[in-house]
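Chains Z and F supply the protein sequences, listed in that same order.
Quick note, the first sequence lines up with residues 1 to 271 if you use the numbering used here.
Quick note, the second sequence lines up with residues 272 to 576 if you use the numbering used here.
Every residue gets a Cβ at the ideal spot worked out from N, C-alpha and C, and that includes glycine.
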Amino acid sequence: MLNAWPTRYLRLYWNLGRYTLNRELSFRGNFLVKISVEVLWLGILVAFYRTVFARTSLIAGWPEDKYFFFVGCFFALSGLIEALFLENCNDFAELVRTGDLDFLLLRPIDEQFLISCRKVDWGSMPNVLMGAAVMGASLYSMGWQFDPWLILIFLVMFACGTAIAYSFMLALTALTVWMVRNQSLMEMWWLFSSLARYPKEIFNGTWAEPIGVFFTFVLPILLVVNVPATTMVQALDPKMVAFTLVATLGVVWVSRRFFQYALRSYRSASS
Amino acid sequence: MTLPDTLEPASQGLQPTTDFEAKTDALGPERATSPLSTIRKYYKIFRASLVERMAYRGDFFFGTILRFLPMITTILLWRAIYEGSGQQSLAGFSYREMIAYLLLTNISRMFSSMPGLAGGIAREIREGTLKRYMIQPVDMIGYLLCYRIAHKVAYIVTSFIPYALLFYVCRGFFDGLPDAPTMAAFFLSLILGFLIGFFFEASVGTVGFWFLEVTSLLYIVMTLNFFISGHMLPLDLLPEPWGSILKFLPFQYMAYFPAVIFLGKIKGAALAYYLIAEVFWVVFFLVLSRTLYRFGLRRYSAFGG
């Protein structure tokens, strides 16, 4: 029974993914437009940093080529989060408000899985590739030497970053139960994830350093992009890598407990 | 976090509330003739929208708190950029002016951003609910304008305290308030910026008469607007000819222009010139949205029940 558990969820997820891909491909024009918006957004980010780097050679110890690796890593990671979870979490507010959440809670599947992994937004998947392309271009311009171990550590840290970001999104989603109209989850996520958008070295000085420490060790959102990117292009810090692994487990566990606690407060309106 | 008093359905942004419908019905058939009743009618729309907006305070305040996070990271990023460059001034902006500029663009956007407006109009066209504006004695664009003003007033009033606090904390980035004429020009540019934002988005929304799906177009426009309005960085930093081109377009009035007025970077004849150009753009988009609406109505076939 216990052995069947992961296969069952993997099979379910595979089918959900296939179903959403079919849906997405029946609106091909829309799919193409979505991708062009993302290309545009990446273009704006590149234009922004090119403009900035025309006036400086270093941002918080990051030269231009390495900084673009960071940008690519952020773009890929946030694309992955958007593809897998953002739309699902955004729908949660509507489920709570209308009481339709009842129908999901009644199903014999883990609630968190069903609520946060129901749909895959394939339109955001190309962001991962675009981010990877930026990272590749950055490594190329740095004259990076191929190192399979470093790539492996990077991929593990990237996965940890995704798990941490997912957990924070889940916690923000859970708040919806009490606030009811949390229609702006997408916006809230955008605002909150702005902390992960820049190298954590910018958090220095009297008032900024405590903020940086808080968001690294207490609410570790700063680890999300920083640890994989730093590991790959700046320096491998084994302590930070180990801490990120521990923090990932902790944050995933806490957010799951918080989500379940929130579901117990759900009042099932209108049913 | 405050629980809402009722669990009423969240407004889709455009539904006239029952309160409003009941009251306009009660005004009787003579309502369309007197200007006073017209004012009363739009005042009712304004009031109902304001009440609706304030029903979800918990969500609203939490969102306001989160809204400060990007400001913190932006300040830190630009500090790192100035430290990295080793220069006192980039494109005529000192570090203090740069942060002041980026804080001020938030005020500009507070007036000029119109979340959900174009998408809402397009949805009404697609779903056929637009026909209620033909039956009721309310002009769609006039109704939406009142609705939007109410939302902006509610937004500005409720975010006044957090913003005042933010500007107080960041007062070191400013050299005090500018003189009275500059302040007047600043407020004028904000109000005109609101009108440009409104009529521009209304124009985009009415494109829905021709293309049923405009949300994608909207995403492209909004994404681009974020950059070309100067919300991310002052347009002066861009290499030529891009800086000059963008200052010629209407989008700069939604973020860049009010901020540089406040900072005293545009004065005298140039200020007058740009204000006149801004009025021109308001009129341009007003006429455009109305024309598109009128021509669109001819094509409109009122789908749905």
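Review point. Helix, strand or coil: which one does DSSP assign to Ser365(F)?
Key: Counting from one through the second sequence, the residue named residue 365(F) turns up at place 94. Note: Ser365(F) maps to strand in three-state DSSP.
**Study point:** Amino acids of chain Z, ordered along the chain, whose beta-carbon sits closer than 9 Å to that of Pro341(F)
**Key:** Counted from its first residue, the second sequence places residue 341(F) at position 70. Here the neighbours are Trp190, Leu191, Ser194, Leu195 and Arg197.
Review point. Anyone know if the C-beta pair for Phe168(Z) and Leu195(Z) falls short of 7 Å?
Key: In the first sequence, counting from the first residue as 1, residue 168(Z) sits at position 168. In the first sequence, counting from the first residue as 1, residue 195(Z) sits at position 195. It is not a contact, given that the beta carbons lie outside the stated cut-off.
**Study point:** is_contact[Ile392(F), chain Z] using C-beta, thresh 7 Å
**Key:** Along the second sequence, one-based indexing puts residue 392(F) at 121. Taking Cβ atoms only, chain Z never reaches closer than 7 Å to Ile392(F), which makes this a no.
**Study point:** Proximal chain Z residues relative to Ser356(F), where beta-carbon distance stays under 7 Å
**Key:** Numbered from its first residue, the second sequence carries residue 356(F) at position 85. Here the neighbours are Arg55 and Thr56.
Check your understanding: For a contact meaning CB atoms closer than 8 Å, what does Asn30(Z) contact in chain F?
Key -> One-based indexing of the first sequence puts residue 30(Z) at position 30. Here the neighbours are Glu484 and Ser487.
**Study point:** Three-state class that DSSP yields for Leu557(F) in the structure shown
**Key:** Taking the second sequence and counting its residues from 1, the one referred to as residue 557(F) is at position 286. Helix, per DSSP.
Check your understanding: How would you write the range of the alpha helix (DSSP H) that Met342(F) sits in, first residue to last?
Key -> Stepping through the second sequence from its first residue, residue 342(F) is reached at position 71. Counting along the chain, the alpha helix (DSSP H) containing Met342(F) begins and ends at Leu340 to Ser356.
Exercise for review: Note down, in chain order, all residues in the stretch 428–448 of chain F with a beta-carbon under 8 Å from any beta-carbon belonging to chain Z.
Suggested key: none
Check your understanding: Looking at the structure shown, is Ile537(F) part of a helix, part of a strand, or coil, going by DSSP?
Key -> Along the second sequence, read from residue 1 onward, the residue named residue 537(F) stands at position 266. In this structure, Ile537(F) counts as coil in the three-state DSSP scheme.
Review point. Since Thr613(F) meets chain Z, which of its residues come closer than 8 Å, beta carbon to beta carbon?
Key: No statement about residue 613(F) is possible, as the shown extent of chain F runs from 272 to 576 and does not include it.
Check your understanding: Can you name the residues of chain F whose CB is closer than 8 Å to the CB of Ala47(Z)?
Key -> As a working mapping, residue 47(Z) is identified with position 47 in the first sequence. Within 8 Å Cβ-Cβ: Phe498.
Practice item. For Pro108(Z), name the three-state secondary structure that DSSP assigns. Key: Start at 1 with the first residue of the first sequence, and residue 108(Z) comes out as number 108. If DSSP states are grouped into helix, strand and coil, Pro108(Z) belongs with coil.
Check your understanding: Assuming Arg55(Z) contacts Asn88(Z) under a Cβ cut-off of 8 Å, what Cβ separation, rounded to an integer in Å, is found between them?
Key -> The residue you call residue 55(Z) lines up with position 55 of the first sequence. The residue you call residue 88(Z) lines up with position 88 of the first sequence. About 41 Å separates the two Cβ atoms, so there is no contact after all.
Review point. Among the residues of its own chain, which have a CB less than 7 Å from the CB of Ile202(Z), if the five just before and after it don't count?
Key: Position 202 of the first sequence, counted from the first residue, corresponds to residue 202(Z). For Ile202(Z), where only same-chain residues beyond five positions count, the Cβ hits under 7 Å are Ala60.
Point to revise | Per-residue contacts from Thr344(Z) into chain F (C-beta, under 7 Å) | key: Missing from the structure shown is residue 344(Z); chain Z here goes from 1 to 271 and no further.
Point to revise | Burial state of Asn233(Z) (16 or more Cβ within 10 Å) | key: Taking the first residue of the first sequence as 1, we reach residue 233(Z) at position 233. Note on residue identity: the sequence assigns Val, not Asn, to residue 233(Z). When all chains shown are included, Val233(Z) counts as buried.
Point to revise | Beta-carbon gap between Gly476(F) and Met525(F) smaller than 7 Å | key: For the purposes of this step, residue 476(F) is taken as residue 205 along the second sequence, with counting starting at 1. For the purposes of this step, residue 525(F) is taken as residue 254 along the second sequence, with counting starting at 1. Taking 7 Å as the Cβ cut-off, Gly476(F) and Met525(F) do not qualify as a contacting pair.
**Study point:** 7 Å Cβ cutoff, Leu337(F) in contact with chain Z
**Key:** For this step, residue 337(F) is matched to residue 66 along the second sequence. Yes, because at least one Cβ of chain Z sits closer than 7 Å to the Cβ of Leu337(F).
Check your understanding: Are the C-beta atoms of Met493(F) and some chain Z residue less than 7 Å apart?
Key -> Residue mapping note: residue 493(F) aligns to position 222 of the second sequence, counting from 1. Chain Z, which has no Cβ nearer than 7 Å to the Cβ of Met493(F), makes this no.
Exercise for review: Answer with yes or no whether the minimum CB distance from Trp41(Z) to chain F is below 7 Å.
Suggested key: Locating residue 41(Z) in the first sequence gives position 41, counting from the first residue. Trp41(Z) counts as touching chain F.
Check your understanding: In this structure, does DSSP put Ile59(Z) in helix, strand or coil?
Key -> By one-based count along the first sequence, residue 59(Z) stands at place 59. If DSSP states are grouped into helix, strand and coil, Ile59(Z) belongs with the strands.
Review point. To which residues of the same chain is Thr173(Z) closer than 6 Å at the C-beta, ignoring the five residues directly before and after it?
Key: Within the first sequence, residue 173(Z) is the residue found at index 173, counting from 1. Around Thr173(Z): Cys89 and Phe92.
Exercise for review: Could you tell me the boundaries of the alpha helix (DSSP H) in which Phe260(Z) lies?
Suggested key: Here residue 260(Z) is taken as the residue at index 260 of the first sequence, counted from 1. Strictly speaking, residue 260(Z) in this sequence is Gln, with Phe absent from that position. Where Gln260(Z) is concerned, the enclosing alpha helix (DSSP H) stretches over Pro238 to Arg264.
Check your understanding: With a cut-off of 8 Å, do at least 3 Cβ pairs link the stretch 522–541 of chain F to the stretch 376–383 of chain F?
Key -> yes
Point to revise | Proximal residues to Glu549(F) (C-beta, below 6 Å), its chain only, five neighbours per side dropped | key: Here residue 549(F) corresponds to residue number 278 of the second sequence, with the count starting at 1. Answer for Glu549(F): Leu463 and Tyr524, listed in chain order.
Check your understanding: Do the stretch 61–78 of chain Z and the stretch 367–380 of chain F touch if we need at least three Cβ pairs shorter than 8 Å?
Key -> no
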